[in-house]
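Here the sequence shown stands for residues 4 to 333, numbered as in this note's numbering.
A virtual CB, placed ideally from N, CA and C, is assigned to each residue, including glycine.
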Amino acid sequence: MPPVTLDRFILESEHAHPGATGELSQLLMRFGLAGKRIASELAMAGLKKELGSASTTNVQGEEQKKLDVLANEILLETFDYGGLVSLAASEEMVEAFVYTGNADGHYAILFDPMDGSSNIDVNGSLGTIFSIRRRGERGEADLLASGRRQIAAGYILFGPATLLVYTCGEAVHAFALDPSIGEFLLTDRFVRMPARGRGYAANEGRSLGWPPQVRAFTEYLKEFDPESGRPYSTRYSGSLVADFHRILLEGGIYYYPTDATGGGKPKGKLRVLYECHPLALLAERAGGRASTGYQDVLDIVPEALHARTPIAIGSSAEVSLYEKFLKGQG
Ligand code: FDP
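Encoded structure:
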C-alpha cells in the first residue's frame, strides 16, 4: 500500500463530496506548504541566528520573536496568489490583512503563526494554529462570529516530527512530515480523543490568581484515589499545540483560566479566534469538548479580533468536571 500524502487524502476526500469546488482542498494543501517552510526555518533558526527577540511587540503588547514575525510572513505569502483568500487575521497583526489582488476571494484565514513562543529559544515544541472561514461582505467585522462558522481548522506541531492535524467538518485526520520526500503522510484517519484521561496541563505557577473553584478542581485531580484514576499527572510544555496534541491522543485536560495575579489576565490568556475556536472545533470533532467553564468555546462570539477567553479543553469527562467545579457543584 503506497503512503497516502496530504494532497492525495484531501483530493480523495473532496471527490467523496459531489459539488465540492476544490477551493477548500487548495487552502488546506497550502497550509501544508506553509508548515513545511516554517519547519525548515525552525530547523535552521539557531544556525542562522534567527532566534531571539525581533525587538517589537504585538498588538497584545507581548514581545515578538524573530520567528513569530517570520512565520507570519510565510503564512501571508502562501495565500497571496490564486484568488481564493481575500482576508487574513493573525495574532501578530493589529488589523486583518486585505489581499488587494484577491478582492473577490471567498475565504478568510486566521492563524496563530508561532504558538508557544517561549519555547523558541530552547528548541522546545512549537505550533501553528489555523482556521478557515467564509469571508462575508463586512470584511473584518464578519470574523467576529461564533466558532461554529469555521469551515475548517487545524494545527501544525513542530516537535521531534512535524505533524499536521486538521478537520474539515466531520472528522479529524493526522499527518506526519517525511522530510526525506518533503511530504506529509497520513498517520491517523478519524482520530478520536479518549473520553477520559490521566493528565492535566496548566501553568500552576499562576494558581494564586485563579478562581478558587479552579484551584479546588486542581487539588481534586491531585488527590490519591486510584479507583477514580487519581492522582492525575501534570504535563505542561508551554506550547498549547503540543499539550493539546497529547490530550487529543491520550485524553486529559488543558486549562488556562482567568488569572488575577499581578497585572492580571481577567479574560484568560488565549485568543478566541486564533487559538480557542480552531482547537475547540478539533476537540469536538474528535469527541472531546472545550468550555469556558460556563459556555462552549465554539459558541463564543468575540467582541474584538484579539479577544481572549478562559478555556478548558480536552476529554469530555474532565471538561465536564471542570464545569461542575466552576459552578460550585464539584
Ligand atoms: P506563548 O504565549 O508562549 O505563545 O497562546 C500562547 C501560549 O504560549 C500557549 O501556547 C501556552 O500554552 C501559553 O501561552 C503559555 O502561557 P504561560 O507562560 O502563561 O503559561
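Residue i CB to nearest heavy atom of the ligand FDP below 7 angstroms
i, result
"residue 93", "no"
"residue 206", "yes"
"residue 69", "no"
"residue 119", "yes"
"residue 278", "yes"
"residue 270", "no"
"residue 246", "yes"
"residue 241", "yes"
"residue 45", "no"
"residue 211", "no"
"residue 90", "no"
"residue 31", "no"
"residue 284", "no"
"residue 273", "yes"
Assigned secondary structure, residue i (DSSP; H/G/I helix, E/B strand, else coil)
i, result
"residue 216", "helix"
"residue 225", "helix"
"residue 176", "strand"
"residue 182", "coil"
"residue 295", "coil"
"residue 193", "coil"
"residue 2", "For the chain, the structure presents residues 4 to 333; residue 2 sits outside this window and is missing."
"residue 188", "strand"
"residue 209", "helix"
"residue 66", "strand"
"residue 239", "coil"
"residue 97", "coil"
"residue 149", "coil"
"residue 144", "helix"
"residue 264", "coil"
"residue 54", "coil"
"residue 271", "strand"
Member of the options whose CA lies at the smallest distance from the CA of residue i
i, options, result
"residue 213", "258, 153, 140", "258"
"residue 198", "65, 302, 139, 293", "293"
"residue 243", "265, 221, 283, 235", "283"
"residue 123", "173, 160, 238, 232", "160"
"residue 216", "149, 296, 290", "296"
"residue 186", "34, 22, 17", "34"
"residue 332", "303, 223, 79", "223"
"residue 84", "167, 110, 286, 162", "110"
"residue 154", "308, 135, 23", "135"
"residue 178", "96, 165, 80", "165"
"residue 156", "30, 77, 309", "30"
"residue 286", "251, 262, 275", "251"
"residue 280", "263, 309, 86, 100", "309"
"residue 200", "169, 249, 255", "255"
"residue 239", "127, 231, 26", "127"
"residue 195", "32, 319, 19", "319"
"residue 225", "241, 278, 204", "204"
"residue 152", "329, 113, 119", "113"
"residue 77", "60, 101, 116", "116"
"residue 17", "278, 173, 301, 276", "173"
"residue 40", "69, 80, 59", "80"
"residue 241", "171, 125, 211", "125"
"residue 167", "24, 247, 143", "247"
"residue 183", "263, 43, 327", "43"
"residue 51", "37, 65, 69, 61", "69"
"residue 237", "245, 176, 227, 207", "207"
For residue i, the first and last residue of its enclosing alpha helix (DSSP H)
i, result
"residue 373", "Residue 373 falls outside the range modelled here, since the chain spans only 4 to 333, and no answer is possible."
"residue 330", "Premise fails: residue 330 is in no alpha helix (DSSP H) and is neither H nor E."
"residue 114", "Counting along the chain, residue 114 falls outside any alpha helix (DSSP H), though it belongs to the beta strand (DSSP E) covering 110 to 118."
"residue 244", "243 to 253"
"residue 282", "280 to 288"
Closer than 8 angstroms to chain D by CB, residue i
i, result
"residue 329", "Structure shown: chain D not included; a single protein chain is present."
Endpoints, beta strand (DSSP E) assigned at residue i
i, result
"residue 79", "Run containing residue 79: none in the beta strand (DSSP E); it sits in the alpha helix (DSSP H), 69 to 81."
"residue 316", "314 to 317"
"residue 338", "Because the chain spans 4 through 333 in this model, residue 338 falls outside it and cannot be assessed."
"residue 165", "165 to 170"
"residue 88", "88 to 93"
"residue 23", "That residue, residue 23, is in no beta strand (DSSP E); it is neither H nor E in DSSP."
"residue 259", "256 to 259"
"residue 131", "129 to 137"
"residue 156", "155 to 161"
Check: residue i C-beta below 7 angstroms from any heavy atom of the ligand MN
i, result
"residue 176", "By its list of ligands, the structure shown excludes the ligand MN, since it contains just the ligand FDP."
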